[in-house]
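J.: Starting off with a structure, shown below.
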Amino acid sequence: MVSTPNFDELKDICGSNESKDYFKFLFVQEEAENEGYIRKAIEWCDGMHEKIAKFGAMLEEGQRFSHFYVAHWDGMECLVKAQARNGVILPVMRSASMLR
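In the numbering used here, the protein residues as written are 20 to 119.
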């Protein structure tokens with residue numbers, strides 16, 4: 020007899036020995052899981068949009084500080100780098116969420 024532990028597990032979870040039933044169950048579960056991943060990716064993109072907007076506002080506001088405030092300008096330099104990195108990450112996240 021052939022050992023099919025994965026299919027046996029699927030049959031137990033599904034509650035049916037009929038292949039049409041357990042395959043339907045498998046693919047419905049798979050689709051729901053994928054939809055969850057896509058929703059999460061969209062949430063991450065939305066969060067990244069908000070972060071980029073906030074950092075943009077901070078960069079604009081930060082230009083008003085005196086050029087003699089060295090610690091501020093060191094922080095601004097880091098903010099510029101973070102904003103650039105976010106600008107690289109967002110398109111990757113967006114393309115991943117468009118894989119539907």
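Don't be surprised by glycine CBs; every beta carbon is placed ideally from N, CA and C.
Since the model is a prediction, treat every value here as computed from it, not as a measurement.
Considering only their Cβ atoms, is the gap separating N105 from F74 smaller than 8 Å?
T.: The residue given as residue 74 occupies position 55 in the sequence shown. The residue given as residue 105 occupies position 86 in the sequence shown. In contact: F74 and N105 (Cβ atoms closer than 8 Å).
J.: Please state whether DSSP places Q82 in a helix, a strand or coil.
T.: Counted from its first residue, the sequence shown places residue 82 at position 63. Looking at Q82 - three-state DSSP - the assignment turns out to be coil, as it is neither helix nor strand.
J.: As a quick exercise: from I108, C33, V21, pick the residue whose alpha carbon is nearest that of L45.
T.: One-based indexing of the sequence shown puts residue 45 at position 26. Taking only the C-alpha atoms, the option nearest L45 is C33.
J.: Is it buried or exposed, Y41, if we count other Cβ atoms within 10 angstroms and call 16 or more buried?
T.: Taking the sequence shown and counting its residues from 1, one reaches residue 41 at position 22. Y41 comes out buried.
J.: Please go through the stretch 22 to 95 and give each complete alpha helix (DSSP H) segment of 4 or more residues, from N-terminal end onward.
T.: 24 to 33, 38 to 81
J.: Measuring CB to CB, does A60 end up less than 8 Å from M112?
T.: Position 41 of the sequence shown holds residue 60. Position 93 of the sequence shown holds residue 112. For A60 and M112, yes; Cβs fall inside 8 Å.
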